[in-house]
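Just below is one structure, and these are the notes that go with it.
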Amino acid sequence: ARARGGEAAEPPRMSSSKGPAAEDLVYLGWFTGDWACTVSLVSAQAGARGKDGLAAVLPAAAAALGTAVGTAGTPKGRKTAVCRWRRTSPETNGVSAGFAVEEAGGICAGTVAAAQVVAGPEADIKPVDDEDATWDMTAPGVPGKWRIVANGAVAQPGVDGPDSLRVSEVFDVEAAPGAGVTKAPKGSKPLAVIRVATNYRRVPLSGSGAKAYCLQALQTATLFAPPSTPGGDPGSEALATYESVLLFSALDPKTGR
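Mapping the sequence shown onto the working numbering, position 123 (from 1) lands on 124, and the numbers just tick up by one.
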């Protein structure tokens, strides 16, 4: 598009986007397209209280950590997926043109990261049909069946420099109903809280044309003790921290240009 006087029109600006979960957020326009994503677990470690301190809050997370430590930096700690963001328009999704929204039906990267903290790298994640932004999971070697519930997300552009977007998410951890466990009463406090920060960057590809680019991200998922009272703030001490690197390459020649 060209502005009046022959100058190139500036892309629309975005201050921040907030929603109950990452799938409700609006992303910068350069996310638009189909991407092959590789997620590599770089590190997994307990906090200052050690694995025993983690087990005292959430035994499943301690078991998951034991598995994850052995896969960090190895092929077993690597996952692949296809991620799709669609261009916004008032007609199709009710959002101003020039941005992107994640295609419905998938599981966002932050959700996968939170599930890994609870159930390890082999977590089997399933959306709960009758609940919004809620997922159940199980995994080999991890006791119990667990549930994470999205409790807020925000996307902020430019926090980490030009061509960057930081997505911050919060998840509550609950025991999934079944096997003698009833559904947590509304308003009750979670068993633990997970915060996931994903810092995306648009990176130009040298030798592939001036406009070609890929996406990279550093993702940190941290587990905290639950709030002392329902609706309160979670503990301030990290009990477990996972770090991963995400790489996105274009599946379609029109993506990443």
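Ideal placement from N, C-alpha and C gives every residue a C-beta, glycine not left out. It should be emphasised that the depicted structure is a prediction, and the values quoted were computed from it without experimental measurement.
Residue i, DSSP secondary structure in three states
i, result
"Leu66", "helix"
"Thr1", "Limits of the chain in this structure are 2 at one end and 258 at the other, which puts residue 1 out of reach."
"Gly233", "coil"
"Lys153", "Here the sequence assigns Gly to residue 153, which means Lys is not the residue at that position. Gly153 falls in the strand class under three-state DSSP."
"Gly20", "strand"
"Thr75", "coil"
"Ala241", "strand"
"Val204", "strand"
"Ala101", "strand"
"Val96", "coil"
"Ala213", "coil"
"Ala82", "strand"
"Ala61", "helix"
"Val118", "helix"
"Gly179", "strand"
"Thr256", "coil"
"Gly145", "strand"
"Ala226", "coil"
"Leu42", "strand"
"Ser250", "strand"
"Pro191", "coil"
Where the beta strand (DSSP E) through residue i begins and ends
i, result
"Gly30", "Run containing Gly30: none; DSSP gives neither H nor E here."
"Val129", "It is not in any beta strand (DSSP E) - Val129 carries neither H nor E in the DSSP assignment."
"Arg14", "Careful: Arg14 lies outside any beta strand (DSSP E) and carries neither H nor E."
"Ala140", "Thr135 to Ala140"
"Ser169", "Ser165 to Ala176"
Cut-off 8 Å between Cβ atoms - residues of its own chain near residue i, not counting five sequence neighbours on either side
i, result
"Val27", "Met15, Ser18, Thr89, Val96, Phe100, Ala101, Val102 and Ala156"
"Thr81", "Ala37, Cys38, Thr39 and Val40"
"Ala98", "Pro13, Arg88, Thr89, Ser90 and Pro91"
"Glu238", "Gly48, Ala49, Arg50, Phe225 and Ala226"
"Ala69", "Leu42, Ala45, Gly78, Gln117, Gly121, Pro122 and Tyr243"
Under 9 Å between C-beta atoms of residue i and residue j
i, j, result
"Lys127", "Gly179", "no"
"Asp125", "Ala110", "no"
"Pro227", "Pro191", "yes"
"Thr59", "Ala193", "Here the sequence assigns Leu to residue 59, which means Thr is not the residue at that position. Taking 9 Å as the Cβ cut-off, Leu59 and Ala193 qualify as a contacting pair."
"Ile149", "Glu123", "no"
"Val119", "Val143", "yes"
"Tyr201", "Ala222", "no"
"Ala62", "Ala241", "yes"
"Gly106", "Pro21", "no"
Start and end residues, alpha helix (DSSP H) containing residue i
i, result
"Ala56", "Gly51 to Val58"
Cβ neighbours of residue i in the same chain (closer than 6 Å, five flanking residues each side left out)
i, result
"Arg79", "Ser41"
"Glu104", "Arg85 and Arg87"
"Trp31", "Arg203"
"Asp234", "Pro228"
Nearest-angstrom Cβ-Cβ length linking residue i and residue j, presumed shorter than 8 Å
i, j, result
"Val43", "Val246", "6 Å"
"Glu170", "Val197", "5 Å"
"Ala47", "Ala73", "The Cβ separation is near 13 Å, so there is no contact."
"Leu248", "Gln220", "The Cβ separation is near 11 Å, so there is no contact."
"Gly34", "Thr256", "3 Å"
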